[in-house]
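Going by the working numbering, the sequence shown opens with residue 8, and the numbers climb by one from there. The structure appears below as structure tokens.
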Amino acid sequence: MNINLIRERYRERARKALNKPAKYGVDIDISNFVGRGERVSEVDIEGVRERVEKLGIDYRLRTMKYIQVDNYIRKMYSKMKGVELYSLEEAFKERPDLIEKYFWRLINVDEDKYTAAAELYGEGGYIIVVEDDVQVDRPIQTCLLLSKNQIIQAPHNIIIVGRNSSLNVTTGCTILKEVASIHAGVTEIYLMDNANLTYVMVHGWSQLQHVRPRTAVYLGNEAEYIDYYITFSPSKTLQMNPVVYLDGDGATAYLSSIIVARGMEDVDIGGTAYLNKRNTKAEILSRVIAKDGSRVVSRSKIVGSAEGSSGHIECDGLLLSNDSEIVTIPELIAKHNNIRLTHEASIGRIAEEQILYLMSKGFNEDEAKEIIVRGFMKIDIPDLSGEMRKTIEQAIIVASRGL
Numbered sequence: 008m009n010i011n012l013i014r015e016r017y018r019e020r021a022r023k024a025l026n027k028p029a030k031y032g033v034d035i036d037i038s039n040f041v042g043r044g045e046r047v048s049e050v051d052i053e054g055v056r057e058r059v060e061k062l063g064i065d066y067r068l069r070t071m072k073y074i075q076v077d078n079y080i081r082k083m084y085s086k087m088k089g090v091e092l093y094s095l096e097e098a099f100k101e102r103p104d105l106i107e108k109y110f111w112r113l114i115n116v117d118e119d120k121y122t123a124a125a126e127l128y129g130e131g132g133y134i135i136v137v138e139d140d141v142q143v144d145r146p147i148q149t150c151l152l153l154s155k156n157q158i159i160q161a162p163h164n165i166i167i168v169g170r171n172s173s174l175n176v177t178t179g180c181t182i183l184k185e186v187a188s189i190h191a192g193v194t195e196i197y198l199m200d201n202a203n204l205t206y207v208m209v210h211g212w213s214q215l216q217h218v219r220p221r222t223a224v225y226l227g228n229e230a231e232y233i234d235y236y237i238t239f240s241p242s243k244t245l246q247m248n249p250v251v252y253l254d255g256d257g258a259t260a261y262l263s264s265i266i267v268a269r270g271m272e273d274v275d276i277g278g279t280a281y282l283n284k285r286n287t288k289a290e291i292l293s294r295v296i297a298k299d300g301s302r303v304v305s306r307s308k309i310v311g312s313a314e315g316s317s318g319h320i321e322c323d324g325l326l327l328s329n330d331s332e333i334v335t336i337p338e339l340i341a342k343h344n345n346i347r348l349t350h351e352a353s354i355g356r357i358a359e360e361q362i363l364y365l366m367s368k369g370f371n372e373d374e375a376k377e378i379i380v381r382g383f384m385k386i387d388i389p390d391l392s393g394e395m396r397k398t399i400e401q402a403i404i405v406a407s408r409g410l
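What follows is the structure, given as structure tokens:
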């Protein structure tokens with residue numbers, strides 16, 4: 008089929024959805040951000056490095072990199088055996104087969120105004136393709152940054168991991184300058200049979216950004232997906248709900264998120280897993296910290312439809328000020344009598360005796376609180392590589408400062 012014809016059909020659907028609110032979260036008038044701001048013609052790479060490393064990501068690591076500042080794209084170290092890296096625009100020209108097979112296949116282009124805007128106004132995005140039987144040792148780094156006022160940055164990303172292959176991806180999303188803009192990236196991920204992907208995303212914004220990522224994942228037989236999301240610098244509003252389709256026997260998904268909300272931030276975050284085949288397993292874990300008038304809604308949903316499948320939801324909240332609010336909404340749906348679905352949730356505060364105990368060991372009060380918060384944020388996920396674990400631990404250290 009003609010690629011241009013495919014694109015036009017998607018755009019026709021998108022135009023009809025430009026005013027369609029998302030199901031959850033604060034509704035934003037995106038017309039204030041479309042077609043505004045000057046185009047970026049060059050980027051200060053040293054400035055990018057400084058901002059990304061403030062997220063806890065080791066930018067100095069010599070590995071394949073995709074960098075996008077507003078609409079400006081730069082790839083670095085793009086040669087890696089068994090791995091191909093394209094911008095979306097390159098893929099349309101060089102790999103139309105990928106576009107036809109994987110573009111807008113997991114997410115509906117007319118799901119809401121943000122997916123519609125990504126198709127109509129978005130630029131860039133990366134496509135990563137890992138061949139069959141390839142073990143990628145070093146994590147690929149993708150960096151998405153905002154630098155212009157009143158724009159919508161909406162890249163469309165696609166990750167394809169072939170059979171019996173493994174990949175680690177670290178994504179840092181942040182700002183180069185204090186700007187009022189929207190980040191609404193779309194990411195579609197495909198893991199073929201026995202493939203493995205660890206996907207770590209760290210967000211660090213300011214109180215001027217609206218953040219609306221859209222992510223969906225397909226898992227084949229025995230595939231494993233590990234998702235670790237951390238956000239610690241407050242945006243103005245944030246809403247996301249990644250969806251994982253476990254469509255292969257024995258597939259496994261771990262979705263974890265660490266949310267630090269402060270300064271009147273409004274966060275609506277979730278995760279959804281569909282256990283569609285036999286012996287599939289999903290865990291959705293979250294740690295939420297709220298202070299300074301922020302509000303967080305934490306949603307989790309697991310739908311079990313196949314024999315032998317299991318799922319668990321765990322949400323813990325830490326309320327650090329009386330003017331903040333945390334809401335947890337776990338949802339379990341069973342459609343087969345031979346499955347096991349469980350959930351647990353708790354919301355509390357830092358215990359005074361914990362602070363006093365640490366102070367008796369020589370720490371001051373602020374240091375004691377930071378140690379407690381850092382321990383609260385830790386989520387132990389199996390099978391993390393050393394480099395990915397290091398990234399997460401460093402991001403948690405950064406996130407716990409000043410709480």
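No residue lacks a Cβ here, since even glycine has one placed at the ideal position from N, Cα and C.
Checklist entry - Smallest Cα separation from TYR31: which of TYR261, ASP273, ASN228 and GLY257? => result ASP273
Next on the checklist: Which residue wins for smallest C-alpha separation from SER353, given the options ILE379, TYR261, GLY382 and ARG294?
Outcome noted: ARG294
Checklist entry - Is MET71 helix, strand or coil by DSSP? => result coil
Checklist entry - If you follow the alpha helix (DSSP H) that SER367 is part of, which residue opens it and which one closes it? => result 359–367
Next on the checklist: Just list the residues that DSSP pairs MET208 with in beta bridges.
Outcome noted: THR178 and TYR236
Next on the checklist: What does the alpha-carbon distance come out to for the pair THR244 and SER301?
Outcome noted: 10 Å
Item to check | Straight-line gap, ARG145 to GLU314 (C-alpha atoms, nearest Å) | outcome: 36 Å
Item to check | GLY278: first and last residue of the uninterrupted alpha helix (DSSP H) it sits in | outcome: Counting along the chain, GLY278 falls outside any alpha helix (DSSP H), though it belongs to the beta strand (DSSP E) covering 273–282.
Item to check | Residue(s) in a DSSP beta bridge with LEU339 | outcome: ILE309
Next on the checklist: Restricting to Cα atoms, I'd like to know which of ASN26, SER172 and ILE357 is closest to LYS88.
Outcome noted: SER172
Next on the checklist: If I follow the unbroken beta strand (DSSP E) through ASP323, where does it start and stop?
Outcome noted: 317–326
Item to check | Contact under 8 Å by Cβ, LEU127 with ARG22 | outcome: yes
Next on the checklist: Beta-carbon within less than 8 Å of THR178's beta-carbon, same chain only, minus the 5 sequence neighbours each way: which residues are those?
Outcome noted: GLN148, THR149, CYS150, LEU151, TYR206, VAL207, MET208 and VAL209
Checklist entry - For LEU326, which of ARG102, THR349, PHE383 and LEU12 has the nearest alpha-carbon? => result PHE383
Checklist entry - Helix, strand or coil: which one does DSSP assign to ILE399? => result helix
Checklist entry - Thinking C-alpha only, which one of LYS284, ASN156, ILE10 and ASP387 is nearest VAL251? => result LYS284
Item to check | For LYS112, three-class secondary structure by DSSP | outcome: For the record, residue 112 in the displayed sequence is Arg; it is not Lys. Residue state, collapsed to three classes: coil.
Checklist entry - Where ARG170 and ILE265 are concerned, what is the direct C-alpha to C-alpha distance, given to the nearest angstrom? => result 30 Å
Next on the checklist: What does the Cβ neighbour count give for GLY355, buried or exposed, with the cut at 16 atoms within 10 Å?
Outcome noted: exposed
Item to check | C-alpha gap between ASP34 and SER312, whole angstroms | outcome: 32 Å
Checklist entry - Can you give the beta carbon distance from TYR66 to LEU92, rounded, assuming they're within the 8 Å contact cut? => result Wrong, their Cβ atoms sit about 17 Å apart, outside the cutoff.
Checklist entry - Under three-state DSSP, which class holds THR287? => result coil
Checklist entry - For MET199, does the count of other Cβ atoms within 10 angstroms reach 16, so buried, or fall short, so exposed? => result buried
Next on the checklist: I'd like to know if the stretch 61–76 and the stretch 395–403 are in contact, where contact means that at least 3 CB-CB pairs between them fall below 8 Å.
Outcome noted: yes
Checklist entry - According to the neighbour-count rule (16 or more other Cβ atoms, all chains shown, within 10 Å of its Cβ), is LYS288 buried or exposed? => result buried
Next on the checklist: Using CA atoms only, rank isn't needed, just tell me which of PRO28, VAL218, MET71 and GLY192 is closest to LYS86.
Outcome noted: MET71
Checklist entry - Going by Cα to Cα distance, which pick from ASP387, ASP299 and LYS108 is closest to ASN412? => result Any answer about residue 412 is impossible in this case: the structure gives the chain only from 8 up to 410.
Item to check | Helix, strand or coil at ILE355 according to DSSP, with G and I counted as helix | outcome: It should be noted that the sequence gives Gly, not Ile, for residue 355. Strand.
Item to check | Buried or exposed by the 16-neighbour rule on C-beta atoms within 10 Å, applied to GLU351 | outcome: exposed
Next on the checklist: Tell me the rounded alpha-carbon separation between THR238 and ALA406.
Outcome noted: 8 Å
Checklist entry - In terms of alpha-carbon separation, which member of ASN175, ASP275 and ILE159 lies closest to THR335? => result ASP275
Item to check | Host alpha helix (DSSP H) of LEU12 (start-end) | outcome: 10–23
Next on the checklist: Can you tell me where the alpha helix (DSSP H) holding TYR93 begins and where it ends?
Outcome noted: No alpha helix (DSSP H) contains TYR93, which is instead part of the beta strand (DSSP E) from 90–94.
Checklist entry - Contact check, LEU113 vs GLU19 under 8 Å by CB: the rounded distance? => result 20 Å between Cβ atoms; not a contact.
Item to check | Inter-residue Cα distance where the pair is TRP111 and ASN286 | outcome: 28 Å
Item to check | Between the CA atoms of GLY192 and VAL186 - distance to the nearest angstrom | outcome: 17 Å
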